[in-house]
Amino acid sequence: MSDALWFFAKLECAACGCVTAEDAARLYSDGLNPGFGDEARRIGESFNAGEENFRDAYVALRPWTEGRIRIVERWECPRCARIGWAKIELAHEGHTWYRFLSAEAVDLTPETLADAHFLSRRLDFDVLDLSPDAIAALKASIPPMD
1346 MSDALWFFAK LECAACGCVT AEDAARLYSD GLNPGFGDEA RRIGESFNAG
1396 EENFRDAYVA LRPWTEGRIR IVERWECPRC ARIGWAKIEL AHEGHTWYRF
1446 LSAEAVDLTP ETLADAHFLS RRLDFDVLDL SPDAIAALKA SIPPMD
């Protein structure tokens, strides 16, 4: 398994209203960085990652071919430590190169997942805060694993 790729972007916490400094949002994807050690990218910067790195880091929700890739990833507010979700948008630049375009805080809903290509593998116990109906709706929006 590879190491983490950190995405530096300002995010607004839904719980406390804090707007993070771009390097403080604790937004990263485990397994996306093919190198040794963690790396970080700011909006507009490119990185190299193979298909196997995407499989390490995410659950594929739907296929993508070319162009923009939308990822729903976990993040943590540095002020209140609340776990939130962010939509990361990447541009595929060719072969294994991607450009970090944007990140914004989102709610974890079926609508959010319907717009995403990938979902963080760090979902774990975050769903315990959701109602049974919300959990059922989320489960229905995630395709079965092979």
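The opening position of the sequence shown corresponds to residue 1346 in our numbering, with each subsequent residue numbered one higher.
Ideal placement from N, C-alpha and C gives every residue a C-beta, glycine not left out.
Output needed for residue i: all residues of its chain with C-beta closer than 6 Å, excluding positions within five of it in sequence on either side, in chain order.
i       : result
Ala1289 : As shown, the chain starts at 1346 and ends at 1491. That puts residue 1289 outside it, with no answer to give.
Phe1353 : Glu1367, Asp1368, Ala1385 and Arg1387
Asp1451 : It should be pointed out that residue 1451 corresponds to Val in this sequence rather than to Asp. Taken in chain order, the residues that qualify are Trp1430, Lys1432 and Thr1457.
For a test of the three-state rule: what should DSSP assign to residue i, helix, strand or coil?
i       : result
Arg1400 : helix
Glu1390 : coil
Lys1484 : helix
Asp1383 : coil
Asp1368 : coil
Ala1459 : helix
Based on the DSSP output, what are the partners of residue i in its beta bridges?
i       : result
Arg1424 : None; Arg1424 has no bridge partner.
Trp1430 : Arg1419 and Val1451
Glu1442 : In the sequence under discussion, the amino acid at residue 1442 is Trp, which differs from the Glu named in the question. Paired residue(s): Asn1393 and Gly1439.
Suppose contacts are defined by Cβ-Cβ distances below 8 Å. Is residue i in contact with residue j by that definition?
i       : j       : result
Trp1351 : Glu1396 : no
Arg1444 : Leu1435 : yes
Glu1456 : Lys1432 : no
Report back the beta-carbon spacing between residue i and residue j to the nearest angstrom; my notes put them in contact at under 8 Å.
i       : j       : result
Leu1377 : His1462 : Not really, about 14 Å apart at Cβ, beyond 8 Å.
Ala1359 : Gly1429 : 6 Å
Ser1447 : Ala1402 : Wrong, their Cβ atoms sit about 18 Å apart, outside the cutoff.
Among residues of its own chain, excluding the 5 on either side of residue i, which ones have a beta-carbon nearer than 8 Å to its beta-carbon?
i       : result
Ile1487 : Val1404, Leu1406, Leu1458 and Leu1464
Quick check on residue i - is its C-beta less than 8 Å from some C-beta in chain C?
i       : result
Arg1466 : The structure shown contains no chain C; it holds only a single protein chain.
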